[in-house]
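As structure tokens, the structure follows; a few thoughts come after it.
In the working numbering, the protein residues as written are 23 to 366.
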């Protein structure tokens with residue numbers, strides 16, 4: 023049983039501003055309100071990047087060395103002292119740093135301990151992060167019931183990511199009985215706050231008719247909201263709608279554009295589907311060399327059973343190429359990857 027991975031960081035900057043503005047700050051830690059906001063945003067961005075890598079199967083299982091930090095060792099010690107004195111946002115920040123290995127050795131157990139201290143003070147970000155740790159079994163044994171309980175605490179405070187993750191639990195029937203209606207309600211709460219994962223999930227519900235009447239036009243509207251914020255999965259799903267003429271007139275050129283947007287962020291499925299367009303000459307000139315290139319890149323970016331299926335497809339398609347074409351396609355794949363899939 024696997025739970026869809028979601029971003030750990032959920033920094034409510036309005037909450038940060040409100041809480042930090044009312045406290046006396048230790049000037050030795052450079053903890054002005056603006057400074058901590060900027061640090062928390064940076065840590066959030068790092069966690070988002072790791073989440074994307076996890077989705078693409080690119081995260082090493084080895085414990086990384088501590089990353090270079092924006093705070094000195096002395097400043098981190100002072101921040102720990104603030105956290106030890108009960109400062110909830112300092113506790114959250116130290117938790118993030120142990121979670122990431124930012125300026126300290128990565129230690130998910132210590133991350134959990136610091137999140138717990140802040141969570142018991144009612145900090146919604148810490149409550150959400152604890153939910154993720156329990157959902158993924160990171161720093162604790164996996165426990166979807168405890169994950170749900172922590173998500174519920176954060177969701178009750180309006181935490182959009184927690185609302186989304188509750189939707190995931192009910193959508194998948196993980197830790198709770200599967201309940202599409204409840205899943206949709208939580209997704210809608212999160213989506214109303216701009217949560218891209220929830221918006222994409224609502225699109226999927228309408229695409230598949232899960233808990234709602236199947237409605238590709240509604241699916242498109244939700245995908246567009248998430249895609250406009252740069253969410254790769256929604257960009258890929260929009261490409262699928264245009265590719266298959268679902269909820270929109272069939273438009274291979276539009277499908278290609280959306281696939282390319284998703285590819286720019288490393289989406290493996292979009293790479294494979296772009297390969298299909300080149301194989302069939304749909305919306306692009308038929309080009310077996312580029313088709314193989316995209317099949318190869320899609321397989322390389324996949325994991326598990328998907329990787330096996332896509333590698334088999336790539337290898338079967340290779341039989342249709344002359345040796346010179348195959349060599350050219352392999353070279354193009356290397357060049358495209360080196361350019362981070364831009365201009366391929």
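C-beta atoms are modelled at their ideal positions from N, C-alpha and C, and glycine is treated no differently.
If you draw a straight line from the C-alpha of residue 351 to the C-alpha of residue 300, how long is it?
So the two alpha carbons sit approximately 13 Å from each other.
Cβ of residue 332 within 8 Å of Cβ of residue 321?
In contact: residue 332 and residue 321 (Cβ atoms closer than 8 Å).
Express the C-alpha separation of residue 247 and residue 211 in angstroms, rounding to a whole number.
Taking the straight line from one Cα to the other gives about 14 Å.
Quick check: the region 128 to 135 against the region 149 to 159, are there 3 or more CB pairs under 8 Å?
Yes, the region 128 to 135 touches the region 149 to 159.
Roughly how many whole angstroms lie between the Cα atoms of residue 139 and residue 187?
Distance between the alpha carbons of residue 139 and residue 187 is about 22 Å.
Pick helix, strand or coil for residue 309, following the three-state DSSP scheme.
It is coil, neither helix nor strand.
Contact defined as beta carbons within less than 8 Å: I believe residue 310 pairs with residue 347. What is the distance between those atoms, to the nearest angstrom?
With a Cβ gap of about 7 Å, residue 310 and residue 347 count as contacting.
Where do the N-terminal and C-terminal ends of the alpha helix (DSSP H) with residue 223 fall, by residue?
Taken as a continuous stretch (DSSP letters only), the alpha helix (DSSP H) holding residue 223 covers 218 to 230.
Start and end of the alpha helix (DSSP H) containing residue 205?
202 to 214 is the span of the alpha helix (DSSP H), which, as asked, contains residue 205.
With H, G and I counted as helix, E and B as strand and the rest as coil, what does DSSP make of residue 109?
Three-state DSSP puts residue 109 in coil, outside helix and strand.
Helix, strand or coil, according to DSSP, for residue 121 in the structure here?
If DSSP states are grouped into helix, strand and coil, residue 121 belongs with the helices.
Going by C-alpha to C-alpha distance, which of 358, 328, 156 and 177 sits closest to residue 146?
If we check each option's Cα against that of residue 146, 177 comes out closest.
Using the three-state DSSP reduction, which class does residue 253 fall into: helix, strand or coil?
Reduced to three states, the DSSP call for residue 253 is coil.
Would you kindly work out how many angstroms separate the C-alpha atoms of residue 281 and residue 232, rounded to a whole number?
Taking the straight line joining both Cα atoms gives about 25 Å.
Output the distance between the C-alpha atoms of residue 96 and residue 122, rounded to the nearest integer angstrom.
So the two alpha carbons sit approximately 19 Å from each other.
If distances are taken between C-alpha atoms only, which option among 255, 225, 250 and 253 comes closest to residue 241?
Looking at the Cα atoms, 225 is the closest of the given residues.
Mark residue 167 as exposed unless 16 or more other C-beta atoms lie within 10 angstroms of its C-beta, in which case mark it buried.
Per the 10 Å Cβ criterion, exposed.
Which residues in the same chain have their Cβ closer than 6 Å to the Cβ of residue 160, if we skip the five residues on either side of it in sequence?
130.
I need the DSSP call for residue 351, collapsed to helix, strand or coil.
Reduced to three states, the DSSP call for residue 351 is helix.
Which residue marks the beginning of the alpha helix (DSSP H) containing residue 400, and which one marks its end?
As shown, the chain starts at 23 and ends at 366. That puts residue 400 outside it, with no answer to give.
Whose CA, out of 219, 344, 220 and 358, lies closest to the CA of residue 286?
Here the closest residue by C-alpha is 358.
Alpha carbon to alpha carbon, how far is residue 169 from residue 158? Give it in angstroms, no decimals.
Those two C-alpha atoms are separated by around 9 Å.
Is it buried or exposed for residue 342, if we count other Cβ within 10 angstroms and need 16 for buried?
So residue 342 counts as exposed.
Is the beta carbon of residue 260 closer than 8 Å to that of residue 293?
Result no, Cβ atoms of residue 293 and residue 260 do not sit closer than 8 Å.
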